[in-house]
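Undergrad: Under the numbering used here, the letters of the sequence shown match residues 158 to 526, in that order.
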Amino acid sequence: MTPITKCIGVLGAGQLGRMLAIAGYPLGQKFGFYGNSDDEPSALLGQMYKQSDDADSLTQLVEFADVITYESENTSIEQVREIAKTTPVYPAEKSLYTSQHRGREKDLLAQLGIPTPSYQVVDSLESLKAAVEIISVPSILKTTTEGYDGKGQFLIRDESEVEQTWKEVGGRELILEGFVDFKRELSIVAVRNTNNEHVYYPLVQNVHHKGILRYTIAPAREISEETQKQAELFMERLLDELDHVGVLTLELFETESGLVANEMAPRVHNSGHWTIEGAKTSQFENHVRAISGLPLGDTSPRQPLAAMINIIGETGPIEKALQMPDAFLHLYDKAEREGRKLGHINLIAETEDELYEKIKQLNEFLPKI
Ligand code: AMP
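1) Quick test of your reading: V337 and I313, contact by CB under 8 Å. State the CB separation rounded to the nearest angstrom.
2) Who does Y191 pair with in a DSSP beta bridge?
3) Just reading off the beta strand (DSSP E) that N467 is part of, what are its end residues?
4) Tell me whether A200 is buried or exposed, calling it buried when 16 or more other Cβ atoms sit within 10 Å of its Cβ.
5) With H, G and I counted as helix, E and B as strand and the rest as coil, what does DSSP make of A447?
6) Is F336 near ligand 1, with its Cβ less than 7 Å from a heavy atom?
7) Contact defined as beta carbons within less than 8 Å: I believe A436 pairs with T456. What is the distance between those atoms, to the nearest angstrom?
8) Just to confirm, are L399 and S252 a CB contact at a threshold of 8 Å?
9) Nearest by alpha-carbon distance to L512: which of I374, T472, N363 is it?
10) Within 10 angstroms of its Cβ, does T406 collect 16 or more other Cβ (buried), or is it exposed?
11) Quick check: the Cα distance between G185 and Y276, rounded to an integer number of angstroms?
12) Please state whether DSSP places M158 in a helix, a strand or coil.
13) Can you tell me whether L407 is helix, strand or coil according to DSSP?
14) Are the region 357–374 and the region 209–223 touching by the rule of at least three beta carbon pairs closer than 8 Å?
15) Could you give the residue range of the alpha helix (DSSP H) that holds G260?
16) Could you pull the start and end residues of the beta strand (DSSP E) that T216 belongs to?
17) How would you label N419, buried or exposed, when you count the other beta carbons within 10 angstroms and need 16 or more for buried?
18) According to DSSP, is A422 part of a helix, a strand, or is it coil?
19) Might you give, ordered along the chain, the residues of its own chain that have their beta carbon closer than 6 Å to the beta carbon of L488, omitting 5 neighbours on each side?
20) Following the continuous beta strand (DSSP E) through I527, name the residue where it begins and the one where it ends.
21) Is DSSP giving G368 helix, strand or coil here?
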């Protein structure tokens, strides 16, 4: 029998790397992390190769690794390109390059026939004015790169606000998007391995507050088989076009006229954290399997319903979760700080009533609206 053990090098050492390692150890995999300090969430879960130590620490990580993956779409393209000369990097450069730029991402979605909000990339007041003419108001102005958790976004409600908005945020490349009047925000996590096997998790519903994901309901309620199939078809096109290996996530708006894609992430995703206890194989294990050349695991839910509640800013009354049946606490070993993702609680339930009752009991973890 061929040994399946692979040394997996992760660029980054945050909570995603931590959860990848936790999922990968039962498969016999080994982990190394390229991070900043010994205080990071992944630090005790594998060998740390610290950027600050010396210029060779990245080379050492690559020497350790059979395969390299990353935690963030803001990972340096140059670094990935260089590493890929000697060691496979999954997901590969094309997935990373596309998802680093909202314009490139939307171009690809449009090319694959996946509906997106109308959009225009702008880099001057004149081009913004012209874009507002085409897209009209309300519309959302976003930075083309490095936006996350709703950062770098500005709502334009009226044409009279265009000049002021440009004054405040212009002077760099931006993308103007038509405002989507959505019913719900959904996402889908898909996985492809090196043998071109594809699997899809069910669509989930995500609820955000101030741009940050607060909780996920999985699977999303009242999703027709047709809608799930539609989302899977979008993912199939993306996975194949990108020759993607690993987890790929697509955030979607559910509208009166169907699904509209918002953005994608070439990595395990916060809206997939419910899969740790909620699905037969977690997104983390499936990512590890995918990049290690292993068969993918069953993505179906273990229970009819699951939820994931993010713990943001302060740890809060975690004993409530610890005392609750079918609640699972995940802390990332991070210090409290406003807006910071410190952990999450997964819930599983047989019925909707049971699930919502549990969420109600944990309402101190949710924003007061
Ligand atoms: P993003 O960083 O693109 O995921 O956007 C953060 C949040 O802003 C989303 O989760 C939505 O709630 C909202 N949003 C983003 N783009 C649009 C849009 N075109 N129309 C309406 N709401 C949007």
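All residues carry an ideal CB built from backbone N, CA and C; glycine is no exception.
TA: Let me lay it out:
1) The distance from the Cβ of V337 to that of I313 is about 14 Å, inconsistent with a contact at the 8 Å cut-off.
2) According to DSSP, which records beta bridges pairwise, Y191 is partnered with L168, Y206.
3) Where N467 is concerned, the enclosing beta strand (DSSP E) stretches over 462–469.
4) With at least 16 other beta carbons inside 10 angstroms of its own, A200 counts as buried.
5) Taken through DSSP and simplified to helix, strand or coil, A447 comes out as helix.
6) Yes, since a heavy atom of ligand 1 falls inside the 7 Å radius drawn around the Cβ of F336.
7) About 6 Å; that satisfies the 8 Å criterion.
8) In this structure, S252 lies closer than 8 Å to L399 by Cβ.
9) It is I374 whose Cα lies nearest to the Cα of L512.
10) By the neighbour-count rule (16 or more Cβ atoms within 10 Å), T406 is buried.
11) The straight-line gap from Cα to Cα measures roughly 45 Å.
12) Because the pLDDT of M158 is 49, which lies under 50, any placement of that residue in the model is unreliable, and the question is left without a value.
13) Of the three classes helix, strand and coil, the one that applies to L407 here is strand, per DSSP.
14) In short, these stretches do not touch, since the Cβ pair count stays below three.
15) Element bounds for G260: 259–268.
16) Careful: T216 lies outside any beta strand (DSSP E), inside the alpha helix (DSSP H) at 214–221.
17) Note on N419: 16 or more other CB atoms within 10 angstroms of its CB, so buried under the neighbour-count rule.
18) When secondary structure is reduced to three states using DSSP, A422 falls in the strand class.
19) Hits under 6 Å: G500.
20) Nothing about residue 527 can be reported from this structure: the residues present for the chain run from 158 to 526 only.
21) DSSP, read as helix, strand or coil, puts G368 in coil.
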